[in-house]
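Peer 1:
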Amino acid sequence: MRLWSLHPSLLDRQGLTAVWRESLLAQAVLAGRTRGYQHHPQLERFRATEDALGAVAAYLDAVQQEATRRGYRYDAGRIDPVSRWVGSMAVPEGQVALELEHLRRKLAARSPDRVPGLPTSSPPLHPMMHVVPGGIEVWERAVIDTDVIHPSS
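Taking the working numbering, the leading residue of the sequence shown gets 10, the next gets one more, and so forth.
And the structure:
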């Protein structure tokens, strides 16, 4: 499960579809509709909000809006009818750098035409997130060559 901090516009078709499906799974987990993935580390930041279901619904809204912008038909009716969390999640710059490099590698393998369009630094983030100083999140499980990641202190 990868719930990107990066803006959904940076994802290729496969990545956007995957984050949609994985976010819907996260919603089901947080709503108690499934027993699998209950302890998945990617859910920690949603659980850390005052309203995990509202936060994941807000996350899904942005993914669905990006899909619509591209002409895809992601069913907004699959997003639970809950009040949307209106806060902003802090994402350390080291996490952003890790995710950007992770995405770069994924795109190089499956959608190399999208790699030149990726920013080299300071990528746009998901609308409900903002960057703060710091390293990689404690919940992160991605294995990336850390020599590529140079978060500022």
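Glycine included, every Cβ here is placed at the ideal spot set by N, Cα and C.
On the CB-based measure, 16 or more other CB atoms within 10 Å of its CB, does residue 125 come out buried or exposed?
Peer 2: Residue 125 comes out exposed.
Peer 1: How do the region 55 to 66 and the region 79 to 95 stand: do at least 3 beta-carbon pairs fall below 8 Å, yes or no?
Peer 2: As far as the Cβ criterion goes, the region 55 to 66 touches the region 79 to 95, which means the pair count is three or higher.
Peer 1: Please state whether the Cβ-Cβ distance between residue 11 and residue 28 is less than 8 Å.
Peer 2: Contact: yes.
Peer 1: Per DSSP, what kind of secondary structure is residue 160 in: helix, strand or coil?
Peer 2: No answer about residue 160 holds up, because its pLDDT of 41 lies below 50 and its placement is not dependable.
Peer 1: What did DSSP end up calling residue 151 once you bin it into helix, strand or coil?
Peer 2: Residue state, collapsed to three classes: coil.
Peer 1: Can you tell which of 101, 41 and 151 has its C-alpha closest to the C-alpha of residue 142?
Peer 2: The candidate whose alpha carbon is nearest that of residue 142 is 101.
Peer 1: Looking only at its chain, what residues have a beta carbon closer than 7 Å to the beta carbon of residue 4, apart from the 5 residues adjacent to it on each side?
Peer 2: The structure shown does not extend to residue 4, since the chain is modelled only from 10 to 162, so the question has no answer here.
Peer 1: Given a threshold of 16 other Cβ atoms within 10 Å of its Cβ, counted over all protein chains shown, does residue 17 qualify as buried or as exposed?
Peer 2: Under this definition residue 17 is a buried residue.
Peer 1: Using CA atoms only, rank isn't needed, just tell me which of 67, 109, 98 and 96 is closest to residue 85.
Peer 2: Looking at the Cα atoms, 67 is the closest of the given residues.
Peer 1: Locate the beta strand (DSSP E) running through residue 99, then write down its first and last residues.
Peer 2: Element bounds for residue 99: 98 to 101.
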